[in-house]
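Please read the structure below before turning to the comments.
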Amino acid sequence: MHSYETKYDVIVVGAGHAGCEAALAAARMGCLTLLLNMSLDGMAVMSCNPSIGGLAKGHLVREIDALGGEMAKNIDAAGIQFRVLNTRKGPAVRAGRAQADKQLYRLRMKRVLEQQANLHVKQGEVTALHLEGEELHGVDTRSGIRFLGKTVVLTTGTFMRGLIHIGLINYAGGRAGDLPSLGLSDQLKSLGFEVGRLKTGTPARLDGRTIDFGKLEAQYSDDPPVPFSFSTERITMPQVPCYIAYTNQRTHDIIRSGLDRSPLYAGVIEGIGPRYCPSIEDKVVRFPDKERHQTFIEPEGLETVEYYPSGMSTSLPIDIQIAFYRSMVGLENVEIMRPAYGIEYDYVNPVQLHATLETKLIKNLFHAGQINGTSGYEEAAAQGILAGINAALKVKGRQPIMLGRHESYIGVMVDDLVTLGTKEPYRMFTSRAEYRLLLREDNADIRLREIGYSVGLVDEATYDAFCRKREQIQGELERVRVTRLSLNPEEKSWCERHGCADLQKGASYERLLRRPEIGYQQLREIDPQVTGLPGAVREQVEIQVKYQGYIERQLEQIERMRKQEEARIPSDFDYKAISGLTSEVREKLERFRPDTLGQAARIQGVTPAAIAILSVMLKGRGEQ
Amino acid sequence: MYIRDTIAAIATPLGSGGVGIVRVSGPDAEHIGRKVFKGSCTKNGGGFESHRLFYGRLINPPDGSLIDEGMAVLMRAPRSYTREDVLELHCHGGYYLVRAILQACISAGARLAEPGEFTRRAFLNGRIDLAQAESVMDLIASRTERSLSLAQSQREGHLSRSLTALKAPLIEALALVEAHIDFPEDEVDPAVFAVIETRIASVFAGISQLLATFATGKVLRDGVSVLLLGLPNAGKSSLLNALSGTDRAIVSALPGTTRDLIEETVSLQGLPVKIIDAAGIRAHHADCVEQEGVRRALDKVSEADLLLLLVDGTVPLSNELTDLVTSLAALPYLLVVTKADLPQLLDVSAFAAPLGICSVSAKNRVGVDQLSSQIYSHFVQSSAFSSDDCAVISNVRHRDVLIRAQQSLNAFAENLSLGLPPELLALDVRAALDALGEITGETTTDDLLDLIFSSFCIGK
Numbered sequence: 001m002h003s004y005e006t007k008y009d010v011i012v013v014g015a016g017h018a019g020c021e022a023a024l025a026a027a028r029m030g031c032l033t034l035l036l037n038m039s040l041d042g043m044a045v046m047s048c049n050p051s052i053g054g055l056a057k058g059h060l061v062r063e064i065d066a067l068g069g070e071m072a073k074n075i076d077a078a079g080i081q082f083r084v085l086n087t088r089k090g091p092a093v094r095a096g097r098a099q100a101d102k103q104l105y106r107l108r109m110k111r112v113l114e115q116q117a118n119l120h121v122k123q124g125e126v127t128a129l130h131l132e133g134e135e136l137h138g139v140d141t142r143s144g145i146r147f148l149g150k151t152v153v154l155t156t157g158t159f160m161r162g163l164i165h166i167g168l169i170n171y172a173g174g175r176a177g178d179l180p181s182l183g184l185s186d187q188l189k190s191l192g193f194e195v196g197r198l199k200t201g202t203p204a205r206l207d208g209r210t211i212d213f214g215k216l217e218a219q220y221s222d223d224p225p226v227p228f229s230f231s232t233e234r235i236t237m238p239q240v241p242c243y244i245a246y247t248n249q250r251t252h253d254i255i256r257s258g259l260d261r262s263p264l265y266a267g268v269i270e271g272i273g274p275r276y277c278p279s280i281e282d283k284v285v286r287f288p289d290k291e292r293h294q295t296f297i298e299p300e301g302l303e304t305v306e307y308y309p310s311g312m313s314t315s316l317p318i319d320i321q322i323a324f325y326r327s328m329v330g331l332e333n334v335e336i337m338r339p340a341y342g343i344e345y346d347y348v349n350p351v352q353l354h355a356t357l358e359t360k361l362i363k364n365l366f367h368a369g370q371i372n373g374t375s376g377y378e379e380a381a382a383q384g385i386l387a388g389i390n391a392a393l394k395v396k397g398r399q400p401i402m403l404g405r406h407e408s409y410i411g412v413m414v415d416d417l418v419t420l421g422t423k424e425p426y427r428m429f430t431s432r433a434e435y436r437l438l439l440r441e442d443n444a445d446i447r448l449r450e451i452g453y454s455v456g457l458v459d460e461a462t463y464d465a466f467c468r469k470r471e472q473i474q475g476e477l478e479r480v481r482v483t484r485l486s487l488n489p490e491e492k493s494w495c496e497r498h499g500c501a502d503l504q505k506g507a508s509y510e511r512l513l514r515r516p517e518i519g520y521q522q523l524r525e526i527d528p529q530v531t532g533l534p535g536a537v538r539e540q541v542e543i544q545v546k547y548q549g550y551i552e553r554q555l556e557q558i559e560r561m562r563k564q565e566e567a568r569i570p571s572d573f574d575y576k577a578i579s580g581l582t583s584e585v586r587e588k589l590e591r592f593r594p595d596t597l598g599q600a601a602r603i604q605g606v607t608p609a610a611i612a613i614l615s616v617m618l619k620g621r622g623e624q
Numbered sequence: 001m002y003i004r005d006t007i008a009a010i011a012t013p014l015g016s017g018g019v020g021i022v023r024v025s026g027p028d029a030e031h032i033g034r035k036v037f038k039g040s041c042t043k044n045g046g047g048f049e050s051h052r053l054f055y056g057r058l059i060n061p062p063d064g065s066l067i068d069e070g071m072a073v074l075m076r077a078p079r080s081y082t083r084e085d086v087l088e089l090h091c092h093g094g095y096y097l098v099r100a101i102l103q104a105c106i107s108a109g110a111r112l113a114e115p116g117e118f119t120r121r122a123f124l125n126g127r128i129d130l131a132q133a134e135s136v137m138d139l140i141a142s143r144t145e146r147s148l149s150l151a152q153s154q155r156e157g158h159l160s161r162s163l164t165a166l167k168a169p170l171i172e173a174l175a176l177v178e179a180h181i182d183f184p185e186d187e188v189d190p191a192v193f194a195v196i197e198t199r200i201a202s203v204f205a206g207i208s209q210l211l212a213t214f215a216t217g218k219v220l221r222d223g224v225s226v227l228l229l230g231l232p233n234a235g236k237s238s239l240l241n242a243l244s245g246t247d248r249a250i251v252s253a254l255p256g257t258t259r260d261l262i263e264e265t266v267s268l269q270g271l272p273v274k275i276i277d278a279a280g281i282r283a284h285h286a287d288c289v290e291q292e293g294v295r296r297a298l299d300k301v302s303e304a305d306l307l308l309l310l311v312d313g314t315v316p317l318s319n320e321l322t323d324l325v326t327s328l329a330a331l332p333y334l335l336v337v338t339k340a341d342l343p344q345l346l347d348v349s350a351f352a353a354p355l356g357i358c359s360v361s362a363k364n365r366v367g368v369d370q371l372s373s374q375i376y377s378h379f380v381q382s383s384a385f386s387s388d389d390c391a392v393i394s395n396v397r398h399r400d401v402l403i404r405a406q407q408s409l410n411a412f413a414e415n416l417s418l419g420l421p422p423e424l425l426a427l428d429v430r431a432a433l434d435a436l437g438e439i440t441g442e443t444t445t446d447d448l449l450d451l452i453f454s455s456f457c458i459g460k
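Chains as they are written, first to last, in the UniProt record's numbering: chain H, 1 to 624; chain Z, 1 to 460.
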């Protein structure tokens, strides 16, 4: 093994969505960083759907942006259709989603990585961690180079022992067209990590020249398209539509006829797949009464004829695939360019992680992305940036950051992972966030910009712009509190026009804005000062005023839980010495080793009684 | 690390009971047992057999002097109330004897238990959950058999089970709302809110049903007070004795706080009833009622849950009696005509008797049982407590929590009709769920625990 002469601060293994964010974060924080990928043409590849965002996922993208990450800017530059979902619901559950030009997305990220100071991008397959005793010193590659580094971030995606299934045919692969990564997971297992098996899948890619789009319903971009990044002023890419198609009874019959050759139903696949993103055969079997299933036919890019039929992933054999796709209206003559497949891969139980994403077993080793049992580009990237930040902070000898459930979706996800683990690929949902009304896309910068700046990831210019915005919001909140209606004839007729003739003289603008029928749109008619405010500031003020009661309720809840969240459990805490715990609870606590009482409370099977005991014990310990 | 010492306390009420029990819990329980108890089991260095009652002598360890004859039982961990070794020493009742046994245990190495410490240990050792711990507190405070069985059924988890059943449709409703939010493009049925409304309504009704048991539950736990009002010689004392004798369950006989009132707690069909004899209305001179006494008795009327007006059936209507009835004005009372075994000279049609008339003879025990069931049914609706295994709310905190849950569900219904977005509706459902979780102990805080444990009475 040849030891490479450069010694790195941070080595990131894998250049998927997690690895890219991790490497950029560490390098931008001033750490000499190495990013290794099996192929340099395969960085930031969107292996499955050609889109970023959606409910809760869009929230994650905004949070990554607020912390100083790249994903939002990348999709803003490569997005070819932008939509805001749930516009008829409240601001907390609105989320952006964008279709991406896959190749453009990948190439732009590659360029950003290549131009980043302190960052070396190299091709290489990591086969083992280089350890001396229990100390991590770097990584070894298949081509015989040893890279030395102080910290390592593993982002292996679906590559660790990847096994591709198409019908009953299966072969080793990290992704269609790519080799798997072998060796690493065996070593992790021998080090004491609990390595499990998960399954995911992707639909076929269809030739757009053979689709009759005239028979399908088109769905267009919002106009104007709303960008993801707080720094993007406008979207400049041309916007193209998606199309909606449906399965029918014949489709379902064809699918049923192929079930005996489905690796899923034949028991060939041992890994557990996601319930929220079932394969089409799963949908047909589990919901036999449903007459049709909907699919969005999404473009894979501007320069390609490939289309992605969402929700139609399958591991059925290729003849069944061809037949069932062609059974759908509009797809009668469709040509499959890439077959659909299922893939099994190794992941490591995330309960073996601290909330910093550093492993509990090996110091200076961080895990991010699908290796932790998650699914989705956004989930991966969000963990990537957190792991990159904490690896860099570790190198610098600074305290790690841990994001709370009350301040970010990233915090919710990481806490879920490290306290509950996961049995199926973990995807973010807004319902996972108990403080959902506070964790909105629109205020991600207000929640996280300060943290991104304090770790050194957000640059001065961006931070200054943020501070200005924050001051304007505060100023405007104060202004609407003190400005009052004089109820002159102009205002009086305005009130009558907008259905609030009951308003008294002296009512504050804040009170006006609290009414469902009044927004800045209406207020500007009597209040010329509104025009001078940036739209983002108006939006924040309007939301904060309108939802004040609800927001305050959630803030109170956070306050109530704070004591429990902040109660730290020493890492050497002796659970055996507590006679009151049942053996099941004790076993759980010893296995998970939670960092805080809050984490302990969320571990499944840890009863409220056990938490009460622990809290008494921790108090006793503190008093001694 | 936290070291458990051994605690001791008197487990039976202090007073004139026939048997007194001192309870010891902790790792030294057996050791202490050997020091203070000498019986066949401790001869020749032998040990206590777990869960077996032994006869022997209770002694004072410093000098070995005899305190009493008695029995001892050791319940080895974890098969005991606290899941620790528990020793119980049974001696004759009486304040001084029981105190002496407790003192012996303390000089043998035990520490006097703090209020509620036995139950705290049971809770901390995972023996009982929070709702059970609270009901133990009620159990200790319960005064009669019926309230005892109420507390016991709660301890066995009836309430927790009822709440779990109520939580299921709530969780289901919440899941529907959440699906509607998180999967905007997945064709979630738009009729979903009609389903959610039905679920919420059924939970609301379920909570109402539980809340309806509160009045009964509280009555059974805390008991009620009944004021006996009447002229001297109307037969109040005889009636009091007759009622007490019904169940032979005098729990306490305390002199009233003023010289004019006598209180006695009796059990009527399991309902703890405090009977107050308003002895204050007595003839000051031969022919006039003392106005001050009447006023004082009438003050008591407002504190009592039920007023019994006793009249002597053998005496015709007198001016004094007319005055008394007049002074009662519009107050509802149950008219009790006494001495029914003798010729009746009183014209009862002169009384309004808003709660009815009952004729009794304390001497022959005629009508006493009817009176007792009339009092019972005045407080306890038979339908609300028809089955012994239904959950009954008797704890104020439980009631408050249920009311909060209902308020959240009301808010949900209102916000739904206002057309508020689903993420706000979800908040209401979640709040209701969290509230229910507070009883089953799923969402608890340190403050709550402190409050619960500080209100336990000593010894359990």
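Ideal placement from N, C-alpha and C gives every residue a C-beta, glycine not left out.
- If one requires a minimum length of 3 residues, the beta strand (DSSP E) runs lying completely within the stretch 55 to 97 of chain Z are 65 to 75 and 86 to 92, in chain order.
- Judged by DSSP in its simplified three-state form, D502 (chain H) adopts coil rather than helix or strand.
- 8 Å or more divides the Cβ of E291 (chain H) from the Cβ of Q352 (chain H).
- Counting only runs that start and end inside the stretch 272 to 351 of chain H, the beta strand (DSSP E) elements of at least 3 residues fall at 294 to 299, 306 to 309, 336 to 338 and 341 to 348.
- Within the stretch 57 to 90 of chain H, the residues whose Cβ lies closer than 7 Å to any Cβ of chain Z are, in chain order, L85, N86, K89 and G90.
- In the structure shown, the three-state DSSP call for I526 (chain H) is coil.
- Per the coordinates, the alpha-carbon of G69 (chain H) lies some 6 Å from the alpha-carbon of E21 (chain H).
- Neighbours of P421 (chain Z) in chain H, taken as residues at a C-beta separation under 7 Å, are given in chain order as K89 and G90.
- With a cutoff of 8 Å on beta-carbon distance, V429 (chain Z) and A173 (chain Z) are scored as near each other.
- At a cut-off of 8 Å between C-beta atoms, F573 (chain H) does not count as an interface residue with respect to chain Z.
- Just so you know, the alpha carbons of D346 (chain H) and V195 (chain H) end up roughly 6 Å apart.
- Inter-residue distance for L503 (chain H) and E178 (chain Z) is about 36 Å (C-alpha atoms, whole angstroms).
- The beta carbon of V530 (chain H) sits closer than 8 Å to those of Y520, L523, R524 and R538, all from its chain and outside the five residues before and after it, given in chain order.
- A contact is defined here as three or more CB-CB pairs under 8 Å, and the stretch 326 to 341 of chain H fails this definition with respect to the stretch 355 to 368 of chain H.
- Contact annotation: the stretch 592 to 612 of chain H does not touch the stretch 99 to 109 of chain Z, with fewer than three C-beta pairs closer than 8 Å.
- Put simply, the CB of S431 (chain H) is near chain Z, with a gap under 8 Å to one of its CB atoms.
- F147 (chain H) places its beta carbon less than 8 Å from that of I11 (chain H).
- In summary, V458 (chain H) is buried, with 16 or more beta-carbon neighbours lying within 10 Å of its beta-carbon over all protein chains present.
- Under the 8 Å criterion on CB atoms, R405 (chain H) is classed as non-interfacial with respect to chain Z.
- Around K236 (chain Z), the same chain offers L228, G230, D277 and L310 as residues with beta carbons nearer than 6 Å, after the five sequence neighbours per side are excluded.
- Taking 7 Å as the cut-off between beta carbons, the residues of the stretch 420 to 451 of chain H near chain Z are F429, T430, S431, R436 and L437, in sequence order.
- Between L154 (chain H) and I371 (chain H), the gap from beta carbon to beta carbon is short of 8 Å.
- Boundaries of the alpha helix (DSSP H) around R106 (chain H): K102 to Q115.
- Closer than 8 Å to the CB of V616 (chain H) there is at least one CB belonging to chain Z.
- Using beta-carbon distances, E178 (chain Z) counts as an interface residue toward chain H, with a partner under 8 Å.
- Among the residues facing chain Z, L55 (chain H) is included, as its CB has a counterpart in that chain under 8 Å away.
- Closest in C-alpha terms to A431 (chain Z), from the list Z:E303, Z:N410 and Z:G93, comes Z:N410.
- For I569 (chain H), the secondary structure class from DSSP, reduced to helix, strand or coil, is coil.
- If you draw a straight line from the Cα of L355 (chain Z) to the Cα of V348 (chain Z), it comes to about 14 Å.
- Non-local beta-carbon contacts of K423 (chain H) in its own chain, meaning distances under 7 Å to residues more than five positions away in sequence, involve I272 in chain order.
- DSSP links G149 (chain H) through a beta bridge to H:Y8.
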